[in-house]
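Here's the structure we're looking at; comments come further down.
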Amino acid sequence: MVKPNCRTHARPQFSTCQRSCHKVDTQERNQFLIEIVDSIQIHKSMLNISLQTNPKDILKEISVLREEKGREEDVAKVIEKALRAGHDWEVNLLFEKALNYQHMVMNEDAKNENDKDLVARKTSLLNMEETILEAKFYIEKYKLMQWKSRIHRFLGRLYDYKNESKKAIAEYEKALTFVNEDPDYAEKKIPRNLELEAFLAYSTLQSGDMERGLEMSRRTYEKFNKTVEGKRLKKKDYVTWAIWKSGVSIRTIKALLEQSVEFDKKVMLNWLNEAEKDLNPINKKLWSDFSYRKNEINSIKLKLI
1 MVKPNCRTHA RPQFSTCQRS CHKVDTQERN QFLIEIVDSI QIHKSMLNIS
51 LQTNPKDILK EISVLREEKG REEDVAKVIE KALRAGHDWE VNLLFEKALN
101 YQHMVMNEDA KNENDKDLVA RKTSLLNMEE TILEAKFYIE KYKLMQWKSR
151 IHRFLGRLYD YKNESKKAIA EYEKALTFVN EDPDYAEKKI PRNLELEAFL
201 AYSTLQSGDM ERGLEMSRRT YEKFNKTVEG KRLKKKDYVT WAIWKSGVSI
251 RTIKALLEQS VEFDKKVMLN WLNEAEKDLN PINKKLWSDF SYRKNEINSI
301 KLKLI
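Below you can see the structure in the form of structure tokens.
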């Protein structure tokens, strides 16, 4: 870790400010002081480079440090931390790209049978697979172990959409094994285990193990309301909480329909209505309109009526 040396870092601005102190121009003096503060703040921010760090600030820090004799090790450390953040940036972009293709698949799946474009679905699924495999290669190449759980999560989703439930189950079980290392879980305390447990329940249903799958779905659904981590997620990030929670009921009913098993439609409709209520909270300004979830619910309701 780079040791703070703010005096050295801000020396050019400080020296200029000293030379100007005899001047009457207070505005000019204040401007130099502002530059000193800015320089120190940028230097301090380099101690914790992350996805949120401005790349311009990183390059500015490096350009200043490399001109100071004896700071070569500090420069190397800053560059190394920046490269690690860059790897995280690349991986997250690939995850977002894969998720975008997944949404294209979801759009087709939500349509009536006569309106579905199977070619478009196949193309989107192939693009999703290609992107996930690219992310997997990148993670393995640079040994980005913190993303190991997440890549297994995405592979699980891929196998779900390919109707390969046993492979999906294996991926989700691996994802749960490494979930404690996921940055969301380790650093932000976001319970990604709940999302993974929900996916695992769905894949179990799709594999034909209805009794076990239903029990897993009910147990996971209750965790969103009753556990400490579920309640904390609802308070901290309502959108993620509502998307993950509603996904349990949506996927469960979808699996029951696809497996052609008998079930109480009234009970399941009530479950969907409860999910729909979570997606339409009163007096909450949110960063999502839940359009994908609402579209899924409407599609399933048509099949239940």
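Each residue of the sequence shown is one higher than the one before, counting from 1 in full-length UniProt numbering.
A virtual CB, placed ideally from N, CA and C, is assigned to each residue, including glycine.
A buried status is given to H152, since no fewer than 16 other beta-carbon atoms sit within 10 Å of its beta-carbon. Listed in chain order, the non-local C-beta contacts of E108 below 8 Å within the same chain comprise K116, D117, L118, A120, R121 and S124, local neighbours out to five positions each way being set aside.
Secondary structure of Y159 (DSSP, three-state): helix. Going by C-alpha positions, W287 is about 43 Å away from E72.
Annotation for E197: the continuous alpha helix (DSSP H) segment containing it runs R192 to Q206.
In the structure shown, the three-state DSSP call for E164 is coil.
For the 9 Å CB-CB criterion, E197 and S246 do not form a contact. Contact annotation: the stretch 133-142 does not touch the stretch 171-178, with fewer than three C-beta pairs closer than 8 Å.
In the DSSP assignment, A186 falls within the alpha helix (DSSP H) that extends over P183 to K188. Around the Cβ of R157, a 10 Å sphere holds 16 or more other Cβ atoms; the residue is buried. DSSP, read as helix, strand or coil, puts Q146 in helix. Within the stretch 199-285, the complete alpha helix (DSSP H) segments at least 4 residues long are 210-226, 228-236, 238-258 and 265-278, listed from N- to C-terminus.
Close CB contacts of D237 within its chain, under the 8 Å cut and outside five residues either way in sequence, are with I190 (chain order). For F137, the enclosing alpha helix (DSSP H) covers residues L118 to K141. The straight-line gap separating the alpha-carbon atoms of R212 and K234 is approximately 27 Å.
The C-beta distance from S299 to A110 rounds to 4 Å, short enough to fall under 8 Å. Excluding residues up to 5 positions away in sequence, E181 and P183 lie with their Cβ nearer than 6 Å to the Cβ of Q146 in the same chain.
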